[in-house]
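Residue numbers (this note's numbering): 1 to 223.
All C-beta atoms, glycine included, are put in the ideal place defined by N, C-alpha and C.
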């Protein structure tokens, strides 16, 4: 169930019974010419919703902005930077801890890794029970086959497969120097790292199931 759909007495009752608050953390950034800018947010929210079906979890409204400076130069990318992302999550966590005994950030944008880790470390140092789960998969790192498959499973109407084109398919390690120096635009004019052209919805559904299983296991182990 989603937090924003409830009145405060209902939230208080669920929290008192031990419900976890899951916060989807995404981004608003380019994902090639074929995927919506909401892709990372969509994935984080879908995982939280699926977790809430099988565990005592309330899903907070997603955080749709993050640290996406590496995608500068592509129309529509909205980045608030690392410092602002860290502060946003820190203050959000402090506020959530006034109600919920446990807080889980589900972060689906790799560029948020540093800010999320620092915010969680600070919250834990303040004696708050906070966890983080970041979905990972093998293969293309950005707007390639895995993310395209996930979106075909989640929001097929938002995917423009007629625009899907291969991008730079070199391993991420080989791209890192250029990415750090000039961002994604320095290695691919389309914003794609990998090849999305063969992605399928069935592949995306299987990956979504795997990530959900990993998330549930993470929560069970943490609790």
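- Membership of residue 24 in the beta strand (DSSP E) is indicated by the continuous run 20 to 25.
- Per DSSP, the unbroken beta strand (DSSP E) holding residue 107 starts and ends at 102 to 107.
- Residue 11: member of the alpha helix (DSSP H) spanning 8 to 16, first to last residue.
- Secondary structure within the segment 134 to 194: the alpha helix (DSSP H) runs of 4 or more consecutive residues, fully enclosed, are 145 to 154 and 172 to 182 (chain order).
- Each of 21, 72 and 88 was checked against the Cα of residue 59, and the nearest Cα belongs to 21.
- Sixteen is the threshold: when 16 or more other Cβ atoms of the shown chains lie within 10 Å of the Cβ of residue 79, as they do, the residue is buried.
- Under DSSP, residue 2 takes part in a beta bridge, and its partners are 59.
- In the structure shown, residue 28 falls within a strand segment according to DSSP collapsed to helix, strand and coil.
- Under the three-state reduction of DSSP, residue 131 is assigned to strand.
- The three-state reading of DSSP puts residue 78 in strand, counting E and B together.
- Residue pairing from DSSP places residue 35 in a beta bridge opposite 31.
- Under the three-state reduction of DSSP output, residue 73 falls in the coil class, being neither helix nor strand.
- Counting C-beta atoms within 10 angstroms of its own C-beta, residue 103 has 16 or more neighbours from the protein chains shown and is therefore classed as buried.
- Nearest in C-alpha terms to residue 137, of all of 85, 175, 74 and 212, is 212.
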